[in-house]
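To start, the structure under review is shown below, and the notes come after it.
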Amino acid sequence: VNGGIQCATCTVVVTLTEQLAQVHNDSVAQALARLCSYMPQGQLQYACKIIIETLGPVVIDMLEKHETPDVICHALHLCTVDEGQPQCHLFPVPKDVSIQDRAMKYSNYGTSGLAWKHRRKEP
Amino acid sequence: FSVCKLPGIKILCDWIERIFDDHNPALDIDGDNFSTFQTLRGSSWRGKDCNDEQENIHPGAKPELGDVFHDTNCNGIYGVDGNTGLPYEDLYCKDSQPIGVAAIGDSVTAHFHIPPEWLEAEKLNVEMLRYLPFWLENELDWPHLSGTTGFMNDTTGRIEGSTDSIYLQMRKRNRCNHRDYQNLGVNGGRSGSTLNNENALARDKLKDNPLLVFYALVGNDVCNGHSDTLAHMTSPEEMRKNFLKTLKFLDAKVPNGSHLIVIGLADGSLLYDNLKNRVHPLGKLWGNVKYPQFYDWFNCLQVTPCAGWMNSNATIRNGTTKRARELSQVLKSVVAETKGKLRNFDASYLDCPIGPVLDAWKAQGGEGWQLIEPVDGFHINQIAHKLTAEYTWNYLEKNLPHFIGNINPHNAEIIKKFGEQGGH
Numbered sequence: 058v059n060g061g062i063q064c065a066t067c068t069v070v071v072t073l074t075e076q077l078a079q080v081h082n083d084s085v086a087q088a089l090a091r092l093c094s095y096m097p098q099g100q101l102q103y104a105c106k107i108i109i110e111t112l113g114p115v116v117i118d119m120l121e122k123h124e125t126p127d128v129i130c131h132a133l134h135l136c137t138v139d140e141g142q143p144q145c146h147l148f149p150v151p152k153d154v155s156i157q158d159r160a161m162k163y164s165n166y167g168t169s170g171l172a173w174k175h176r177r178k179e180p
Numbered sequence: 038f039s040v041c042k043l044p045g046i047k048i049l050c051d052w053i054e055r056i057f058d059d060h061n062p063a064l065d066i067d068g069d070n071f072s073t074f075q076t077l078r079g080s081s082w083r084g085k086d087c088n089d090e091q092e093n094i095h096p097g098a099k100p101e102l103g104d105v106f107h108d109t110n111c112n113g114i115y116g117v118d119g120n121t122g123l124p125y126e127d128l129y130c131k132d133s134q135p136i137g138v139a140a141i142g143d144s145v146t147a148h149f150h151i152p153p154e155w156l157e158a159e160k161l162n163v164e165m166l167r168y169l170p171f172w173l174e175n176e177l178d179w180p181h182l183s184g185t186t187g188f189m190n191d192t193t194g195r196i197e198g199s200t201d202s203i204y205l206q207m208r209k210r211n212r213c214n215h216r217d218y219q220n221l222g223v224n225g226g227r228s229g230s231t232l233n234n235e236n237a238l239a240r241d242k243l244k245d246n247p248l249l250v251f252y253a254l255v256g257n258d259v260c261n262g263h264s265d266t267l268a269h270m271t272s273p274e275e276m277r278k279n280f281l282k283t284l285k286f287l288d289a290k291v292p293n294g295s296h297l298i299v300i301g302l303a304d305g306s307l308l309y310d311n312l313k314n315r316v317h318p319l320g321k322l323w324g325n326v327k328y329p330q331f332y333d334w335f336n337c338l339q340v341t342p343c344a345g346w347m348n349s350n351a352t353i354r355n356g357t358t359k360r361a362r363e364l365s366q367v368l369k370s371v372v373a374e375t376k377g378k379l380r381n382f383d384a385s386y387l388d389c390p391i392g393p394v395l396d397a398w399k400a401q402g403g404e405g406w407q408l409i410e411p412v413d414g415f416h417i418n419q420i421a422h423k424l425t426a427e428y429t430w431n432y433l434e435k436n437l438p439h440f441i442g443n444i445n446p447h448n449a450e451i452i453k454k455f456g457e458q459g460g461h
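Protein sequence lines correspond, in order, to chains A and B. Using my numbering, read the first sequence as starting at 58 and increasing by one per residue. Using my numbering, read the second sequence as starting at 38 and increasing by one per residue.
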């Protein structure tokens, strides 16, 4: 429910990315690239690159705006709030507004659009 | 949106699913359920096959023609002694009562472990993730380091502590037992699903040596991810029914002269008690994720392996412990009831060693959290695996010496002649 293992994985990966950026004094984009470069060569690294190419721009944009991993994974629709279920969060919830409402702010970005925009900027 | 639907990722997802569904060796040419490959239920889990083209050659087999020409049981002992003219197998092993070790169990049996460095940005690097494919191919488990069938120390540098196991002790006691181990631990295994998982046991009643079998389902009959967790636990009646079926299966499967150790369920309330004030590896950098928070998040997503014990609600934790005690009592009663009624093996019940091991650790000045896996906050770690192996072995030596066979007086000669016996 609520995205289950996909949500958990997303939250962990986004948290790690944010922490990597801080530890290495990287930008979020560099931290994502670093995370993929740590993966063993082959299928795993390939998979990592595809995921970053698809979802990375949203993550970069939102982390730069200091959103929490919970909000980012909701914006990516990997975390949800299923009917009758509570809202799940690992980190403190943003003040005055629910995680979903906060994530909604980013819904008009569109994953593929951002990916395209990102590629244009940084070929 | 599903990550597994992305192009290129689907193949990977399908591949992982196949590994997780099939608990027999993926690479096994002769179909004897033993493999020369390490992962994918290969030699990490069962003794390495010394000939993957002949079904009759595998660990635990009774030797053919005294193994004069080939090592048919893969214990590294073969050939003929020039002085006596006798095959070495006859000379060293024939009267030694060789017994293999098999473990039917869950993720504790299989030794589930996620290296904490993978969740700590300060420590994460290429070197740390080098063993990621190996780990995935072993279903996220480290059976080769486990307390029942572990046979080597960690070589990745990722795991603190050395290995000791029942298999290693059995091998030390009788070198003829070399490579005769099978770990049938399956993550999430409970008494019901184990009725299917135990079919992976590779043993021929007539052609193989007897087995010392461990039935160790220490948590999943009371552990599940449901929010109404108490309603989804195995009932004492179901436990009894499932366990009786397992006994029936084993009686039909194992060679005469085998033994069964039935381990009771753990008291998982020790998890929360020992971790409640500690920071989870994910929150180490900022100190902002403590275990109760982590447990509640996992419960909310219903991905927790154990909503009953990994829970900040004491009433639910206590209810889980109560049911675990009831189920252990069922196992104990069935073992007592079936005494003398099983044709091919005798059985003995042992309370889960984790509790006494933790108490002893604390009595020596240790802290409980030092024996718990930091990432999942649920399983026992490498140090605890070693300690539970030592505890169980001492119990067997003291109370059930006939379960473990005699010390082989030829051990030193075997080592001198055959060295590491082909390794693992």
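Every residue gets a Cβ at the ideal spot worked out from N, C-alpha and C, and that includes glycine. All figures in this text were calculated on a predicted structure; none of them were measured in a lab.
Subject >> Contact set for Asp333/B: own chain, Cβ-Cβ below 7 Å, skip 5 residues either direction >> reply: Numbered from its first residue, the second sequence carries residue 333/B at position 296. Once the five neighbours on either side are set aside, the close Cβ partners of Asp333/B are Ser349.
**OP:** Using three-state DSSP, classify Ser295/B as helix, strand or coil.
**Re:** As a working note, residue 295/B is residue 258 in the second sequence. It is a strand residue.
**OP:** Could I get the ranges of all uninterrupted alpha helix (DSSP H) runs contained in the segment 292 to 332 of chain B, with 4 residues as the minimum, in chain order?
**Re:** Considered as a whole, the segment 292 to 332 of chain B harbours 306 to 312 as its complete alpha helix (DSSP H) runs of no fewer than 4 residues, in chain order.
**OP:** Check the Cβ of Val128/A against every Cβ in chain B and list those closer than 9 Å, keeping chain order.
**Re:** Indexing the first sequence from 1 puts residue 128/A at position 71. None at all; the shortest Cβ gap to chain B is about 14 Å.
Original post:
Which residue or residues does DSSP assign as beta-bridge partners of Asn220/B?
Top reply: Here residue 220/B refers to the residue found at position 183 when the second sequence is read from its first residue. BP columns for Asn220/B point to Ala140/B.
Subject >> DSSP three-state assignment for Arg210/B, whether helix, strand or coil >> reply: By 1-based counting over the second sequence, the position of residue 210/B is 173. Taken through DSSP and simplified to helix, strand or coil, Arg210/B comes out as helix.
Original post:
Is Gly129/B helix, strand or coil when you go by DSSP?
Top reply: The count along the second sequence starts at 1 and reaches residue 129/B at position 92. The residue you asked about is not Gly; residue 129/B is Tyr in the sequence shown. Helix, per DSSP.
**OP:** Reducing DSSP to helix, strand and coil, say where Ser385/B ends up.
**Re:** Within the second sequence, residue 385/B is the residue found at index 348, counting from 1. Note: Ser385/B maps to strand in three-state DSSP.
Subject >> Proximity to Lys152/A [Cα-Cα], best of Gly141/A, Ala132/A, Val128/A and Glu140/A >> reply: Position 95 of the first sequence, counted from the start, is the residue given in the question as residue 152/A. The shortest Cα separation from Lys152/A among Gly141/A, Ala132/A, Val128/A and Glu140/A belongs to Val128/A.
**OP:** Verify the CB distance criterion: does Trp334/B have a CB-CB separation below 8 Å to chain A?
**Re:** To locate residue 334/B, count along the second sequence from 1; it is residue 297. Yes, Trp334/B lies at the interface with chain A (some Cβ there is under 8 Å from its Cβ).
**OP:** Find the nearest neighbour of Thr266/B within the set Arg360/B, Trp323/B and Ser370/B, judged by alpha-carbon distance.
**Re:** Sequence index remark: in the second sequence, residue 266/B carries index 229 (1-based). Thr266/B has its Cα closest to that of Arg360/B, out of Arg360/B, Trp323/B and Ser370/B.
Subject >> C-beta contact flag for His95/B and Asp104/B at 8 Å >> reply: Taking the second sequence and counting its residues from 1, the one referred to as residue 95/B is at position 58. Taking the second sequence and counting its residues from 1, the one referred to as residue 104/B is at position 67. Result no, Cβ atoms of His95/B and Asp104/B do not sit closer than 8 Å.
Subject >> Between the CA atoms of Asn70/B and Asn61/B - distance to the nearest angstrom >> reply: For the purposes of this step, residue 61/B is taken as residue 24 along the second sequence, with counting starting at 1. For the purposes of this step, residue 70/B is taken as residue 33 along the second sequence, with counting starting at 1. Going by the C-alpha atoms only, they are around 6 Å apart.
Original post:
For a contact meaning CB atoms closer than 8 Å, what does Tyr95/A contact in chain B?
Top reply: Numbered from 1 along the first sequence, position 38 holds the residue referred to as residue 95/A. Result: Leu161, Asn162, Val163, Met165 and Leu166.
Subject >> Interfacial residues, the segment 97 to 129 of chain A to chain B, with Cβ spacing under 7 Å >> reply: For the segment 97 to 129 of chain A, the set of positions with a beta-carbon nearer than 7 Å to some beta-carbon of chain B reads Pro97, Gln100, Leu101, Tyr103, Ala104, Ile107, Ile108 and Thr111 in chain order.
**OP:** Please confirm whether Arg227/B and Thr271/B have their CB atoms less than 8 Å apart.
**Re:** As a working mapping, residue 227/B is identified with position 190 in the second sequence. As a working mapping, residue 271/B is identified with position 234 in the second sequence. Result yes, Cβ atoms of Arg227/B and Thr271/B sit closer than 8 Å.
Original post:
Using DSSP with H/G/I as helix, E/B as strand and the rest coil, what is Leu173/B?
Top reply: Position 136 of the second sequence, counting from 1, holds the residue named residue 173/B. Three-state DSSP puts Leu173/B in a helix.
Original post:
Distance, Cα to Cα, Ile114/B vs Met207/B?
Top reply: For the purposes of this step, residue 114/B is taken as the residue at position 77 of the second sequence. For the purposes of this step, residue 207/B is taken as the residue at position 170 of the second sequence. The straight-line gap separating the alpha-carbon atoms of Ile114/B and Met207/B is approximately 16 Å.
**OP:** Please go through the same chain and pick out, in chain order, the residues whose beta-carbon is closer than 7 Å to the beta-carbon of Tyr428/B, but skip the five residues on each side of it.
**Re:** Here residue 428/B is taken as the residue at index 391 of the second sequence, counted from 1. Spatial neighbours of Tyr428/B in its own chain (CB-CB distance under 7 Å, excluding positions within 5 residues in sequence) are listed in chain order as Pro390, Pro393 and Val394.
Original post:
Expressed to the nearest angstrom, what Euclidean distance is found between the alpha-carbon atoms of Asn261/B and Ala268/B?
Top reply: Within the second sequence, residue 261/B is the residue found at index 224, counting from 1. Within the second sequence, residue 268/B is the residue found at index 231, counting from 1. Separation of Asn261/B and Ala268/B (C-alpha to C-alpha, rounded to the nearest whole angstrom) is 10 Å.
Original post:
Quick one: which chain A residues come within Cβ less than 9 Å of Ala158/B?
Top reply: Within the second sequence, the letter at position 121 stands for residue 158/B. Within chain A, the residues near Ala158/B are Thr72, Leu73, Thr74, Glu75, Gln76, Leu77, Ala78, Gln79, Val80, His81 and Ala88.
**OP:** Using a threshold of 8 Å, state whether the C-beta atoms of Val255/B and Asp143/B are closer than that.
**Re:** Locating residue 255/B in the second sequence gives position 218, where the first residue counts as 1. Locating residue 143/B in the second sequence gives position 106, where the first residue counts as 1. Yes.
Subject >> Residues bridged to Tyr252/B [DSSP beta-bridge criterion] >> reply: Position 215 of the second sequence, counted from the start, is the residue given in the question as residue 252/B. The beta-bridge partner set that DSSP reports for Tyr252/B consists of Ile141/B and Val299/B.
Original post:
Based on the DSSP secondary-structure assignment, which residues constitute the bridge partners of Ile444/B?
Top reply: For the purposes of this step, residue 444/B is taken as residue 407 along the second sequence, with counting starting at 1. Answer is none; Ile444/B lacks a bridge partner.
Subject >> Cross-chain neighbours of Cys337/B in chain A, by beta carbon under 7 Å >> reply: Along the second sequence, read from residue 1 onward, the residue named residue 337/B stands at position 300. The answer, in chain order, is Asn59, Pro143 and Cys145.
Original post:
So, is the C-beta of Leu169/B closer than 8 Å to a C-beta in chain A?
Top reply: As a working mapping, residue 169/B is identified with position 132 in the second sequence. Chain A contact via Cβ: present.
**OP:** Indicate the three-state DSSP secondary structure (helix, strand or coil) for Val117/B in the structure shown.
**Re:** Reading the second sequence from its first residue, position 80 is the one you call residue 117/B. The answer is strand: DSSP assigns Val117/B an E or B state.
Original post:
For Asp127/A, which of helix, strand or coil comes out of DSSP?
Top reply: Start at 1 with the first residue of the first sequence, and residue 127/A comes out as number 70. In the three-state scheme derived from DSSP, where H, G and I count as helix and E and B as strand, Asp127/A is classed as helix.
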